[in-house]
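> My questions will all concern the structure given below.
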Amino acid sequence: MDDWLSNIDILADAGVIFLDSIGLKPDINALLSYAAGLLDSVICCSIHSECGREMNEEDDEELIELIKRRIPELRDRLKVFLGDEERNYA
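Per my numbering, the very first residue in the sequence shown carries number 249; after that it's consecutive.
Now the structure itself:
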């Protein structure tokens, strides 16, 4: 998770491009949703690939708690990334 957050500019840039291309405003909430969904997908694929199984309820709960705990930091980093652009999307 720390590695993922340390590369948030790359993720956020990709999110802005993707959201823009499908006609959605890349505001803070859209980018938070994009980032959380991407992280969920990556973790699910990793568990499937490395452990040969699907995520179970315990895995889901653990991932949800991890994401919830890190949302404030993620939000702050995305606000820095968006800078003045955030005001344009508000």
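Glycine included, every Cβ here is placed at the ideal spot set by N, Cα and C. Since the model is a prediction, treat every value here as computed from it, not as a measurement.
1) When burial is assigned at 16 or more other CB atoms within 10 Å of the CB, is PRO320 buried or exposed?
2) Would you be able to state if there are at least three C-beta pairs under 8 Å between the stretch 292-302 and the stretch 268-277?
3) Please identify the residue among LEU253, GLY300, PHE266, ILE265 whose C-alpha is closest to the C-alpha of LEU287.
4) Kindly list the residues whose CB is nearer than 6 Å to the CB of TYR282, restricted to its own chain and excluding five residues on each side of it in sequence; keep chain order.
5) Should LEU314 be labelled buried (16 or more other beta-carbon atoms within 10 Å of its own) or exposed?
6) Locate the alpha helix (DSSP H) running through ASP307, then write down its first and last residues.
The short version:
1) The residue you call residue 320 lines up with position 72 of the sequence shown. Exposed is the call here.
2) no
3) The residue you call residue 287 lines up with position 39 of the sequence shown. Among LEU253, GLY300, PHE266, ILE265, the Cα nearest to that of LEU287 is on LEU253.
4) Within the sequence shown, residue 282 is the residue found at index 34, counting from 1. Answer for TYR282: GLY263, listed in chain order.
5) The residue you call residue 314 lines up with position 66 of the sequence shown. Burial call: exposed.
6) On the sequence shown, position 59 is the one that residue 307 refers to. It spans 305-330 - the alpha helix (DSSP H) in which ASP307 sits, taken as one unbroken run.
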